[in-house]
Amino acid sequence: MTHAVIGHSVKRTDLLDKVTGNAKYVADMPLAGLLHAKMKRSNIAHARIRRIDASAALALPGVKAVLTHENVPRVLHAGSPHPRSASVTCDQYILDDKVRYWGEGVAVVAAISEEIAARAVELIEVEYEPLPAVFTVDDAAAPGAPLIHDREPGGNLVLPPVRIERGDVDKGFATADFILEGVYEGGRPTPAYMEPNVLTCKWDGNGNLTVWISTQTAFMVRGIMAEVLGLPLHKVRVLVDHMGGGFGAKQDLFQSEFLCALLARETRRPVRMEYTREETFLGGRTRHPARVWLRQGFRNDGTITAREAKVVFNSGAYGSHGPGVTNVGTAAMVSLYRCENVRLEGRCVYTNSPIAGAFRGYGVVQTYYALDIQMDEAAAHLGLDPAELKLRNAVREGDIAPSNHPLIGHGLEACIRKGIEATGWAQRRAETRQQQGVIRRGWGVGCEMHGSSAYPGIKEQGNAIIKMNEDGTVVLLTGAAGLGTGAHTALAQIVAEELCIPFDCVSVVHGDTDVVPWDIGAFASHTTYMVGRAAQMAAGEIKTQLLARAAAQMETTPEQLDIANGVIAVRDSPGPTLTVREAVMPRKGLPAAQFVGTATYHPTKSYSFAAHFVEVEVDTETGFITVAQVVPVHDIGKVIHPVAAAGQIEGGIQQGIGHTLYEDYQIDMQTGRSLNANFVDYKMPLAMDMPPIHTILLEAAPDPGGPFGAKGVGEDPIVAIGPAIANAVYDAIGVRFRHYPIRPEQVLQALAARAGEARP
Amino acid sequence: MRQLIALTINGEPRELAVEPHSTLLDALRYDAGLTGTKKGCDVGECGSCTVLMDGKPTNACLVLAPEAHGCTLVTIEGIQPDPDTVHPVQDQFMRCGAAQCGFCTPGFVVMAKALLEENPQPTREEIRFAIAGNICRCTGYTKIIEAIEQTAEALRHAPEATR
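First to last, the protein sequences are chains P and U. So the first sequence is numbered by my numbering: it starts at 1 and just counts up by one. So the second sequence is numbered by my numbering: it starts at 1 and just counts up by one.
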């Protein structure tokens with residue numbers, strides 16, 4: 001089926017402002033009387049605050065207010081305020097008399113300049129009573145370990161262990177020809193969005209709070225701020241225009257939201273709090289460091305007879321998305337590669353470490369790293385081509401997904417087949433045999449699947465309101481946030497397609513909780529899928545109203561009418577036509593038609609699939625791994641905007657390369673002090689580090705739940721790249737790494753160890 | 001005590017009263033009201049604050065505001081030739097999808113313009129090297145490199161469109 005608007009890379013509506021510097025981010029807004037806030041952060045990982053003295057800070061000229069745990073409301077709340085879902089953890093206060101990680105906020109200052117606020121922060125005296133701190137999940141989960149929170153289920157667990165069982169695992173292992181077992185570990189990458197956390201709060205004389213903030217979840221921010229500050233929702237207005245990236249982490253609240261609002265209320269002036277880059281590391285969110293113990297039984301034909309895994313996630317000092325990540329990451333292991341007998345356990349443990357939160361890939365990055373690498377190990381054991389083994393075991397239509405829904409389509413098989421063909425896989429692999437020399441090349445393949453929407457963890461809904469103007473143009477009101485993915489453009493394309501009007505006849509209003517319909521936030525690869533479907537349904541309502549009115553004018557029935565490119569015509573008739581504008585416009589003394597379409601869509605879940613084919617070069621003298629090229633093959637159902645979709649994939653691959661080879665936010669294991677909270681010591685891929693990426697988009701398994709069959713794309717690309725690189729390294733040098741990041745010194749050590757073994 | 005500096009920004013003579021310790025970045029953003037130049041790290045690691053200072057791409061966060069006295073600056077707001085036209089770099093960034101969240105984009109656009117003025121026909125390697133001091137977390141750089149290549153290509157055919 002051909003489409004007039006979707007499937008085409010129309011000009012994105014957000015880009016002109018971005019390339020000209022006109023796009024306004026929160027820190028760009030001038031406000032009369034603006035005060036600047038700065039946080040005092042703990043320099044100890046676990047302690048009780050014995051005494052806190054702000055008198056010297058308050059005495060500094062230019063300081064307007066100081067808040068500590070002694071003068072802020074003590075309200076227990078969740079840092080990741082997903083609407084009343086099982087995945088929230090109520091474990092934090094605005095400011096507490098206890099600190100749980102190095103860098104936690106203990107006080108805040110508002111002053112007439114950032115410099116004065118920063119000086120005042122230095123003048124606040126804090127006397128700590130140190131508590132024993134634990135930094136590893138093993139130490140934190142050990143009997144008698146110091147408790148970081150006084151809450152259920154105890155033992156420093158964020159939630160009771162997640163247990164999933166399908167089939168008969170013991171029987172499955174009993175029928176295996178061989179069993180593989182391994183431990184796979186993931187480090188602590190951070191989202192490192194380019195715009196540091198920032199917000200501005202302002203109260204009016206009627207007690208209404210306005211919040212300008214860089215967030216993915218404006219309505220969640222509104223909800224939790226209203227709850228903690230004791231306000232009804234109509235007294236809190238949250239505004240988000242452009243935001244400088246989030247990648248999941250900007251779903252949380254970071255202490256600053258409540259503090260900024262309280263400072264603004266106390267000073268009766270607008271207050272801005274802008275984190276420095278260092279603070280964005282310290283007080284931000286990371287991916288959950290994880291350890292996966294995985295054991296699988298195989299038959300000699302490659303069939304998997306049983307799978308058992310124990311996953312433990314390091315939550316850091318607070319729960320944040322720990323429950324969601326533990327559920328999603330653990331449950332993901334029922335799938336990807338078919339196995340009827342599965343027993344999984346996922347745990348999430350508090351430690352006195354930086355807070356782990358939501359980050360693109362949401363637990364699945366960690367567990368599929370293990371699952372995919374072990375499939376590669378099985379292929380090596382069997383002497384089979386890993387792509388062939390993965391293809392044989394790939395999930396297919398009707399298999400029960402992690403969400404407990406039957407899968408739609410054969411997306412993963414299609415991705416693997418396409419990648420084999422596009423790379424000339426067999427030939428490429430053959431070329432990497434019998435290599436000599438310092439530089440060794442290798443090819444690897446990694447696979448993944450990821451759900452669009454957070455169902456069943458969250459019962460989501462997408463909402464849309466569309467108004468048609470009297471000239472036939474329309475305005476879409478959406479709560480979906482614009483992280484930079486081009487989501488608003490995609491939504492406008494869907495509306496234009498459904499209404500059969502030109503793309504430039506649709507505008508999008510977003511980012512104002514007082515105006516747009518409620519939205520859960522931009523995450524879980526669900527904006528195009530879920531909000532897009534709601535927008536399509538709302539456009540359908542407008543279309544019904546429009547055709548009814550046009551039919552009256554054209555003296556026919558709506559069923560006889562078609563619209564194409566903004567022109568309404570009677571089907572199979574050369575007769576007169578009517579433009580959409582003519583159908584709506586005021587005539588004969590009558591006002592224009594008032595067409596409003598509204599829709600709410602409750603999605604279940606759809607899955608997107610990908611196989612990443614990667615070529616690496618390993619320098620056996622320096623241990624340095626270079627990714628030479630990536631061929632990512634993705635099935636995301638109907639592609640709405642090919643360039644934007646490819647952009648998501650390339651960006652996810654960049655982050656995935658970073659995870660696998662460079663990025664690890666580290667703390668001192670004695671004190672918990674952060675060691676690399678900057679972009680020099682926390683190394684992300686730069687332009688020189690990035691390989692050519694040859695993206696292939698398939699529409700092999702469109703989902704009827706999405707608009708025109710579209711599915712999500714945001715999370716997928718970060719998942720498959722990691723195991724693909726590790727597998728390619730194995731292909732290059734025969735060393736199996738089961739952790740990330742894989743560092744040059746580890747490559748050299750592994751090569752040296754192997755050389756040592758080889759010596760007689 | 002604020003200090004008066006005189007400089008040319010985007011072709012306009014400006015006098016700014018700046019704190020002696022403030023950076024050029026803060027002076028541009030808060031004293032000159034030019035917020036297109038972004039603060040991603042404030043310590044010269046990310047390139048989001050790249051401006052042209054006497055023609056040279058410079059991290060505005062690494063320059064003290066008084067040092068810019070007498071200088072000629074071009075910021076992202078000065079790249080667009082007129083309201084109805086965009087610079088070829090800006091045009092290609094839009095066409096290629098070289099911006100996502102857009103926060104690093106002003107720095108990349110300024111850096112790309114600087115590169116193409118010095119080297120109108122750069123190789124891919126020269127482009128990658130030129131933007132190695134600018135961090136983008138959204139795009140994977142692929143489309144940024146493509147946009148700069150496409151700009152060079154467009155300028156080869158219509159060189160007068162550059163400035």
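Quick reminder that beta carbons are idealized off the backbone N, C-alpha and C, glycines included. Here the structure is a predicted model, which means the values were calculated and not measured.
Handout entry: Distance CB(P/H634)-CB(P/S606) smaller than 8 Å
Key = no
Practice task
Enumerate in chain order the residues of its own chain whose CB-to-CB distance from P/Q461 is below 6 Å, with the five nearest sequence positions on each side excluded.
Solution key: T600, H602
Problem - Per DSSP, cross-strand counterpart(s) of P/V474 - result: P/M468, P/V506
Exercise for the section: Determine the contact status of P/R291 and P/E185, defining contact as a CB-CB distance below 8 Å. Expected result: In contact: P/R291 and P/E185 (Cβ atoms closer than 8 Å).
Handout entry: chain P within 8 Å of U/D42, Cβ atoms only
Key = For U/D42, the answer is yes, since a Cβ of chain P falls inside 8 Å of its Cβ.
Exercise for the section: Assign P/P717 to buried or exposed, taking buried as 16 or more other Cβ atoms, counted over all protein chains shown, within 10 Å of its Cβ. Expected result: Within a 10 Å sphere around the beta-carbon of P/P717 sit 16 or more other beta-carbons, which makes this residue buried.
Exercise for the section: In the DSSP assignment, find the alpha helix (DSSP H) that holds P/V580 and state where it starts and stops. Expected result: 580-584
Exercise for the section: Taking only beta carbons into account, state which residues of the stretch 11-45 of chain P come closer than 9 Å to chain U, listed in chain order. Expected result: K11, R12, D14, L15, L16, D17, K18, V19, T20, G21, N22, A23, K24, Y25, A27, D28, M29, P30
Handout entry: Reduced DSSP category for P/A4 - H, G, I as helix; E, B as strand; rest coil
Key = Under the three-state reduction of DSSP output, P/A4 falls in the coil class, being neither helix nor strand.
Practice task
Pull up the DSSP beta-bridge partners for P/V567, would you.
Solution key: P/A564, P/T579
Problem - From P/I563, P/T351, P/L294, residue whose alpha carbon lies closest to that of P/G322 - result: P/T351
Handout entry: Closest by C-alpha distance to U/T142, when choosing among P/A522, P/Q746, P/G647, P/F595
Key = That would be P/G647, whose Cα lies nearest to the Cα of U/T142.
Problem - Own chain partners of U/C96 with C-beta closer than 7 Å, once the 5 adjacent residues on each side are dropped - result: K143, E146, A147, Q150
Exercise for the section: Could you name the residues of chain P that U/A99 contacts, counting a contact when the two beta carbons are closer than 7 Å? Expected result: L15, K18, V19
Handout entry: Contact list for U/R14 against chain P, beta-carbon separation under 9 Å
Key = Within chain P, no residue has its CB atom less than 9 Å from the CB of U/R14, the nearest being about 17 Å off.
Exercise for the section: Identify which residue in P/Q92, P/P574, P/A593 has its Cα closest to the Cα of P/T544. Expected result: P/A593
Exercise for the section: Tell me whether U/E153 is buried or exposed, calling it buried when 16 or more other Cβ atoms sit within 10 Å of its Cβ. Expected result: U/E153 should be labelled exposed.
Handout entry: Interface partners of U/V109 on chain P, CB under 7 Å
Key = V19
Handout entry: Start and end residues, alpha helix (DSSP H) containing P/W425
Key = 425-431
Practice task
For the alpha helix (DSSP H) holding U/G128, just list the boundary residues, first then last.
Solution key: Sequence inspection shows Arg at residue 128 of chain U; the Gly mentioned does not correspond to that position. 124-130 is the span of the alpha helix (DSSP H), which, as asked, contains U/R128.
Exercise for the section: Starting from the beta carbon of U/V86, find every residue of chain P whose beta carbon is closer than 8 Å, and list them in chain order. Expected result: L16, V19, T20
Practice task
State the CB to CB distance for the pair P/M585 and P/V570, rounded to an integer number of angstroms; the pair is presumed to be in contact (CB under 8 Å).
Solution key: Not a contact, Cβ separation roughly 20 Å.
Practice task
List the residues of chain U whose Cβ lies closer than 8 Å to the Cβ of P/R761, in chain order.
Solution key: As shown, chain P starts at 1 and ends at 760. That puts residue 761 of chain P outside it, with no answer to give.
Problem - Uninterrupted beta strand (DSSP E) stretches inside the stretch 92-158 of chain P (no shorter than 3 residues) - result: 105-111, 125-130
Practice task
Classify U/C46 as helix, strand or coil using the three-state DSSP reduction.
Solution key: coil
Practice task
Assign P/I179 to one of two classes, buried (16 or more other C-beta atoms within 10 Å of its C-beta) or exposed (fewer than that).
Solution key: By the beta-carbon neighbour count (other beta carbons within 10 angstroms, threshold 16), P/I179 is exposed.
Problem - Close Cβ partners of P/A763 (< 7 Å) along its chain, the five nearest in sequence each way excluded - result: In the structure as shown, chain P begins at 1 and stops at 760. Residue 763 of chain P is therefore absent and cannot be evaluated.
Handout entry: Contacts around P/L239, its chain only, beta-carbon distance under 8 Å, and the 5 residues preceding and following it disregarded
Key = If you ignore the 5 residues before and after P/L239, its C-beta comes within less than 8 Å of the C-beta of T210, V211, W212, I213, A218, G511, D512, T513, all in its own chain and listed in chain order.
Practice task
Output, in sequence order along the chain, the residues in the stretch 466-498 of chain P whose CB is closer than 8 Å to any CB in chain U.
Solution key: Along the stretch 466-498 of chain P, going in chain order, the ones with a CB nearer than 8 Å to a CB of chain U are L483, G484, T485, G486.
Practice task
For P/I693, go through chain U and note every residue whose CB falls closer than 9 Å to its CB, in chain order.
Solution key: Simply G140, T142.
Practice task
Kindly indicate if chain P contains any beta-carbon less than 8 Å away from that of U/R163.
Solution key: Only weak support exists for where U/R163 lies, its pLDDT of 47 falling under 50; the value from the coordinates is given anyway. No, its Cβ sits nowhere closer than 8 Å to a Cβ of chain P.
Handout entry: Amino acids of chain U, ordered along the chain, whose beta-carbon sits closer than 7 Å to that of P/G647
Key = G97, Q100, T139, K143
Problem - Identity of the residue in P/A753, P/G712, P/C90 nearest P/E152 by Cα - result: Of all alpha-carbon atoms in P/A753, P/G712, P/C90, the one lying nearest the alpha-carbon of P/E152 is that of P/C90.
Problem - For P/P406, the nearest candidate out of P/A37, P/L336, P/T473, P/A414 (CA to CA) - result: P/L336
Exercise for the section: Label P/I742 either buried or exposed according to how many other C-beta atoms from any shown protein chain fall within 10 Å of its C-beta, with 16 as the threshold for buried. Expected result: buried
Problem - Neighbour-count burial assignment, P/V680, 16 or more Cβ in a 10 Å radius - result: With fewer than 16 other CB atoms across the displayed protein chains lying within 10 angstroms of its CB, P/V680 is exposed.
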